[in-house]
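Participant: Listed in order, the protein sequences are those of chains A and B. Here the first sequence is numbered in the working numbering, starting from 1 and rising by one per residue. Here the second sequence is numbered in the working numbering, starting from 291 and rising by one per residue. Handing you this structure, nothing more for now.
2 protein chains.
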Amino acid sequence: MPERHWIEELPQHAGETVVVRGWVATTRSSGKIAFVVVRDGTGYLQAVISKKDVAPEVWDAFGKLTQETSLEVTGSVRVDARAPGGVELQTSGLEIIGPSPDFPITPKEHGIAYLFEHRHLWLRSKQQVAIARVRHEVIQAIRDFFHQRHFTLVDTPILTGSIGEHAGTLFSVDYFDLGKAYLAQTGQLYVEAAAAALGKVYCFGPTFRAEKSKTRRHLTEFWMVEPEVAWNDSDANMRLQEDFVSYIVGRCLEQRKQDLAELGRDLTPLERVQPPFHRISYTDAAHRAQ
Amino acid sequence: MPERHWIEELPQHAGETVVVRGWVATTRSSGKIAFVVVRDGTGYLQAVISKKDVAPEVWDAFGKLTQETSLEVTGSVRVDARAPGGVELQTSGLEIIGPSPDFPITPKEHGIAYLFEHRHLWLRSKQQVAIARVRHEVIQAIRDFFHQRHFTLVDTPILTGSIGEHAGTLFSVDYFDLGKAYLAQTGQLYVEAAAAALGKVYCFGPTFRAEKSKTRRHLTEFWMVEPEVAWNDSDANMRLQEDFVSYIVGRCLEQRKQDLAELGRDLTPLERVQPPFHRISYTDAAHRAQ
């Protein structure tokens, strides 16, 4: 039985016969030769099926593939510089694990409301995968940035008794027979206390704003990072901030170039994000705004 | 003006004159020579003040120090193998930044209820600092473990419309005029959908259980990590789990030995945490339980 591998691992297995499990992204066929692009979350792989080289049931199975059919493909890994990831699969076996009739998100354009209604399936499309990977890199970079600088993570409570900013924008929860609790809008008061214990701290968790809004870009729930450094002056804070932003952008450029390309992102402005940033005093800013 | 450094950095500045900012942990004096242990969240430093070598106002300032006074100390870094961190400070200057009269947590024993009422100050004590650092290491190790294995972080929503486990244990929130929303008990349904898009995913955020309880160890809010791997069988899951636990324990042993020592932790059982773990089939387990 050949070993099963994730698609991203295949370039290290050129020449070997392997098993790949995933879902059908696209298919096409010329009648004698067929192509299936398989995705497994780590990458995309083109499996080539030559009618004359495979058992009839393999060719028949190909005919039943629809978008997002889950399947297992066996084949030998062949280096091909034109292929995404640099390899393709010369297929010897193909087994359908689960059929996928009428997958609701097709290559045609869908409205945004329709896509949100199918969000759990929309996640599978190329752009959504790229966004999720860039988002992951940003968040891991944030945590690595603070970890490397010896900050201590302090997770602040979500259910809080006190009122943070404006009572009108708080979500409230009945907390047993102890009255109302409120969903935190910030961890600030907690990290400030913790900074005097641990020197350099940060919190990074969900925060809540009960602001009624009709736009899709206004979130009632979002993740927020809040660092606190004891003894930092304004200049040291600005240095920390520009290092922070530059580090995150640098990590994404280094690790997520392919995903940024998938998203059609122009990298030039990102490459310019280098410390030190231009600084302007409050007095100058106020003067220029007049 | 000498440069200001965090206490943990001082071993690299032996022989130099530096500025340290922090809080008073303890003081003692023999009348001619005085000692202040300063903490700044990154470590503890003994500052030695020799009455005959310092200006009278420095000696006077020492006399005013109380527990948790915040201060700035200037002095030269001297290697001393007996000192925590390997260095002490020969003090030339001492300035009080903020006095701290009647700090409520003294070296004497306090009841747990009293300490919880002063949680924001209790955080400053040695054991609490050590716990926070070990906790940080565990969490960073969890995220690094998944990042290194190319998992994608998927943060699942806290405010959810559906009911996860038991309606009776859910906290509910009035969500504008759209009815009730519930605080999530798990991100499972979301990460399962995301695994089919991204292959290997995890969520790691706060979850909520409205279970009424009188014990202090029963949490209504806690952070939970939930990985999902498409195509994993039970054996692969077990392998992932034992690697996961071993990696976290290993990281703490490697990076947090001093904090574990502060907590009086016996490291022997932790050092034994190495994969593969002993496995027992369900049938055997059921048989042995009879």
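Ideal placement from N, C-alpha and C gives every residue a C-beta, glycine not left out. Note that the structure is a prediction, hence the values are computed from the model and not measured.
Pull the bridge partners of Phe512(B) from the DSSP assignment, please.
Facilitator: Per DSSP, Thr497(B).
Participant: For Ala47(A), write down the residues that DSSP places opposite it in a beta bridge.
Facilitator: DSSP, once it has assigned bridges, lists Val36(A) and Leu89(A) as partnering Ala47(A).
Participant: For Leu553(B) and Gly376(B), I'd like the C-alpha separation in whole angstroms.
Facilitator: One C-alpha to the other measures close to 20 Å.
Participant: Quick one: what's got a C-beta closer than 6 Å to Glu9(A)'s C-beta in the same chain, skipping five residues either side?
Facilitator: For Glu9(A), where only same-chain residues beyond five positions count, there are no Cβ hits under 6 Å.
Participant: Whose CA, out of Gly365(B), Pro517(B) and Phe325(B), lies closest to the CA of His295(B)?
Facilitator: If we check each option's Cα against that of His295(B), Gly365(B) comes out closest.
Participant: Put Glu228(A) into one of helix, strand or coil per three-state DSSP.
Facilitator: In the structure shown, Glu228(A) sits in a strand (DSSP, three-state: E or B).
Participant: Output yes or no for whether 7 Å exceeds the beta carbon distance between Leu361(B) and Ile339(B).
Facilitator: Cβ distance not < 7 Å, so Leu361(B) and Ile339(B) don't count as in contact.
Participant: With respect to the beta strand (DSSP E) encompassing Ser366(B), which residues constitute its N-terminal and C-terminal limits?
Facilitator: Ser366(B) -> beta strand (DSSP E) spans Ser360 to Val369.
Participant: Helix, strand or coil: which one does DSSP assign to Ser29(A)?
Facilitator: Three-state result, Ser29(A): strand.
Participant: Assuming Phe498(B) and Ala474(B) form a contact by the criterion Cβ under 8 Å, report the distance between their Cβ atoms to the nearest whole angstrom.
Facilitator: Indeed, because the Cβ distance is near 7 Å, the residues count as touching under 8 Å.
Participant: If we define contact as Cβ-Cβ less than 7 Å, is Val419(B) a contact residue for chain A?
Facilitator: Output row for Val419(B): interface = yes.
Participant: Can you check which of these residues, Gly63(A), Tyr282(A) and Val249(A), is closest to Thr268(A) by C-alpha distance?
Facilitator: Comparing Cα-Cα distances from Thr268(A) to each of Gly63(A), Tyr282(A) and Val249(A), the minimum goes to Val249(A).
Participant: Tell me whether Gly469(B) sits in a helix, a strand or coil according to DSSP, three-state version.
Facilitator: Coil.
Participant: Between the C-alpha atoms of Gly477(B) and Glu221(A), what's the straight-line distance to the nearest angstrom?
Facilitator: Roughly 15 Å between the two C-alpha positions.
Participant: Give every residue of the same chain whose Cβ lies closer than 8 Å to the Cβ of Asp533(B), excluding the five residues on either side of it in the sequence, and list them in chain order.
Facilitator: Contacts found: Phe435 and Pro565.
Participant: How about Leu405(B) and Ala337(B): are their beta carbons less than 7 Å apart?
Facilitator: Contact: no.
Participant: What did DSSP end up calling Lys341(A) once you bin it into helix, strand or coil?
Facilitator: What is shown of chain A runs 1 to 290, which leaves residue 341(A) out entirely.
Participant: If contacts are defined as beta-carbon pairs under 8 Å, then Ala194(A) and Leu509(B) qualify, I think. What distance do you get, rounded to the angstrom?
Facilitator: Their Cβ separation, rounded to whole angstroms, is 19 Å, which puts Ala194(A) and Leu509(B) out of contact at 8 Å.
Participant: State yes or no: is the beta carbon of Ala197(A) nearer than 7 Å to at least one beta carbon in chain B?
Facilitator: Closer than 7 Å to some Cβ of chain B, the Cβ of Ala197(A) qualifies, so yes.
Participant: First and last residue of the alpha helix (DSSP H) that includes Asp243(A)?
Facilitator: Looking at the DSSP string, the run of the alpha helix (DSSP H) that includes Asp243(A) is Ser234 to Gln255.
Participant: I need the boundaries of the beta strand (DSSP E) containing Asp464(B), first residue and last residue.
Facilitator: Segment Ser462 to Asp464, the beta strand (DSSP E) holding Asp464(B).
Participant: Identify whether His354(B) lies in helix, strand or coil by the three-state DSSP scheme.
Facilitator: Sequence check: residue 354(B) is Lys here, not His. Lys354(B) falls in the coil class under three-state DSSP.
Participant: If you compare alpha carbons, which of Trp23(A), Ser30(A) and Gly31(A) is closest to Val37(A)?
Facilitator: Minimum Cα distance to Val37(A) is reached at Trp23(A).
Participant: In its own chain, which residues sit with a C-beta less than 8 Å from the C-beta of Thr459(B), not counting the 5 before and 5 after it?
Facilitator: Result list for Thr459(B): Gln475, Arg499, Ala500 and Glu501, in chain order.
Participant: Please name the residue or residues paired with Val419(B) in a DSSP beta bridge.
Facilitator: Partner(s): none; Val419(B) has no beta bridge.
Participant: Quick check on the DSSP output: the alpha helix (DSSP H) that includes Gln475(B) runs from which residue to which?
Facilitator: From DSSP, Gln475(B) is part of no alpha helix (DSSP H); its letter is neither H nor E.
Participant: Mapping DSSP to helix, strand and coil, what is Val20(A)?
Facilitator: Val20(A): strand per DSSP, three-state reduction.
Participant: Going by Cα to Cα distance, which pick from Gln241(A), Val191(A), Thr17(A) and Arg216(A) is closest to Val77(A)?
Facilitator: For the residues Gln241(A), Val191(A), Thr17(A) and Arg216(A), the minimum Cα distance to Val77(A) belongs to Thr17(A).
Participant: If Lys200(A) and His118(A) are in contact, beta carbons under 8 Å, what's the gap, nearest whole angstrom?
Facilitator: Between His118(A) and Lys200(A) the Cβ distance is about 43 Å, and since that is not below 8 Å, they are no contact.
Participant: What separation, rounded to the nearest whole angstrom, lies between the Cα atoms of Leu189(A) and Asn527(B)?
Facilitator: Their Cα atoms are separated by approximately 40 Å.
Participant: Do we get a CB-CB distance below 7 Å when we pair Thr42(A) with the residues of chain E?
Facilitator: No chain E is part of this structure, whose protein chains are labelled A and B.
Participant: Would DSSP call Glu109(A) helix, strand or coil?
Facilitator: Residue state, collapsed to three classes: coil.
Participant: Which stretch, first to last residue, makes up the alpha helix (DSSP H) that contains Glu271(A)?
Facilitator: It spans Thr268 to Glu271 - the alpha helix (DSSP H) in which Glu271(A) sits, taken as one unbroken run.
Participant: Leaving aside the five residues before and after Phe171(A) along the sequence, list all residues of the same chain whose C-beta is less than 8 Å from its C-beta, in chain order.
Facilitator: Tyr182, Leu183, Phe208, Ala210 and Thr220.
Participant: In chain order, what residues of the same chain have a beta carbon less than 8 Å from the beta carbon of Leu65(A), not counting five sequence neighbours either side?
Facilitator: Once the five neighbours on either side are set aside, the close Cβ partners of Leu65(A) are Val24, Thr27, Val36, Leu71 and Ile96.
Participant: For Phe466(B), count neighbouring C-beta atoms within 10 Å of its own C-beta (all shown protein chains included) and say buried if the count is 16 or more, exposed if not.
Facilitator: By the 10 Å Cβ count, Phe466(B) comes out exposed.
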